Amino acid sequence: MSALRPLVDGITLLLGRLKQYQRIALTRISKPVKINIGCGLTIVPGWVNIDGSLNTLFATWPRFLHKLCYSFSGSRRYYSRKEYCRLLRKNTFVHHDLSYGLPFADGVVDFAYSSHFVEHLFRKDAVRLFREIYRVLKPGGVVRISVPDLEYAIALYQSGDKEKMLSSYFFVEDDNSYYARHKFMYDFEMLAKALRSEGFQDVRRCHFQEGCVPNLAILDNQPDESLFVEAIKTKD
Ligand SMILES: C[S@@+](CC[C@H](N)C(=O)[O-])C[C@H]1O[C@@H](n2cnc3c(N)ncnc32)[C@H](O)[C@@H]1O
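Add 212 to the 1-based position in the sequence shown for my numbering, that's all there is to it.
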């Protein structure tokens, strides 16, 4: 797979550019409309799962190809072929490069969730994403963002665990994914400020698997090192 890496990265970048203006209708999605941004395979049926990964691209291909796609997926490390095909078949996916924003119309989403994804965007793209989340949410809609907590990473460094801190939080390496690299980090204050700047209100820090967004028992992961934040697009 690593020999094919430059080709896969090139195709990923090209697809991102080509699809940046797409708009996907959510009219046939069951209500309330819930989107999982930078989902990976941490997904729940009933959500619209958006990611730029190969897995998400494969999921949009005909089902009979999924078994073959498994052989090219980095997720072979975690899932059996059967589990993998089932995940792709039973869930709704949108393949999209999220540094270009969200491919939905204004005011159509009730809940937006994102776990361990925003740190994979350059800061300017993250700001654009927060603006985009605000745009697609309905008035009264809720966003929940989870990121690796910068304060936790700094504490790790100060306790002497320097290698772990650098390789897990700042210079993440994964030969299987072009998207794996972290590009910015946040503590609560920085994340709250970024959300408020885009118009969000009632920005608050939450506990692991506690908040207003559905299905947190499955979606929230990595309790110790994560920062969990919710905010509301208030009714005009
Ligand atoms: C660390 S994983 C998090 C997966 C999942 N949300 C979780 O919490 O387990 C980061 C995900 O972000 C995706 N990603 C990174 N940069 C992206 C981009 N520019 N556009 C779309 N997806 C991206 C990766 O493909 C990957 O699935």
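Where a beta carbon is used, it is the ideal one built from N, C-alpha and C, also for glycine.
Just so we're clear, the structure is a prediction, and the values are computed from it rather than from any experiment.
When DSSP states are grouped into helix, strand and coil, residue 297 belongs to the helix group. Apart from sequence neighbours up to five positions away, the residues of its chain that approach residue 268 with a beta-carbon distance below 6 angstroms are 305, 307, ordered along the chain. Exposure of residue 405 is indicated by the presence of fewer than 16 other C-beta atoms within 10 angstroms of its C-beta.
For residue 236, there is no enclosing beta strand (DSSP E), as DSSP marks it with neither H nor E. Exclusion of the five residues before and after residue 429 leaves 421 as the residues of its chain whose Cβ lies within less than 7 angstroms of its Cβ. Under the rule that a run must span 4 or more residues, the alpha helix (DSSP H) segments found entirely inside the segment 341-376 read 362-370.
The shortest C-alpha to C-alpha distance from residue 333 to any of 389, 447, 393 is the one to 393. For residue 246, the uninterrupted beta strand (DSSP E) run begins and ends at 246-249, by DSSP. Straight across, the Cα-Cα distance linking residue 330 with residue 259 is about 19 angstroms. Straight-line spacing of the CA atoms in residue 446 and residue 321 works out to 13 angstroms. Taken through DSSP and simplified to helix, strand or coil, residue 418 comes out as strand. Residue pairing by DSSP puts residue 307 in a beta bridge opposite 263.
The C-alpha of residue 275 is placed about 20 angstroms away from the C-alpha of residue 236.
Shortest gap from the CB of residue 310 to any heavy atom of ligand 1: under 8 angstroms. At least one heavy atom of ligand 1 is found less than 8 angstroms from the C-beta of residue 262. In the three-state scheme derived from DSSP, where H, G and I count as helix and E and B as strand, residue 285 is classed as coil.
Per DSSP, residue 439 is one residue of the beta strand (DSSP E) stretching across 438-444. Rounded to whole angstroms, the gap between the alpha carbons of residue 356 and residue 440 is 7 angstroms. The residue from 242, 437, 231 with its alpha-carbon nearest to that of residue 311 is 231. Here DSSP, grouped into helix, strand and coil, assigns residue 322 to strand. Inclusion of residue 325 and residue 248 in the CB contact set at 9 angstroms is warranted, their separation being smaller than that value. The shortest C-alpha to C-alpha distance from residue 381 to any of 335, 370, 365, 417 is the one to 365.
Apart from sequence neighbours up to five positions away, the residues of its chain that approach residue 399 with a beta-carbon distance below 8 angstroms are 361, 362, 363, 439, ordered along the chain.
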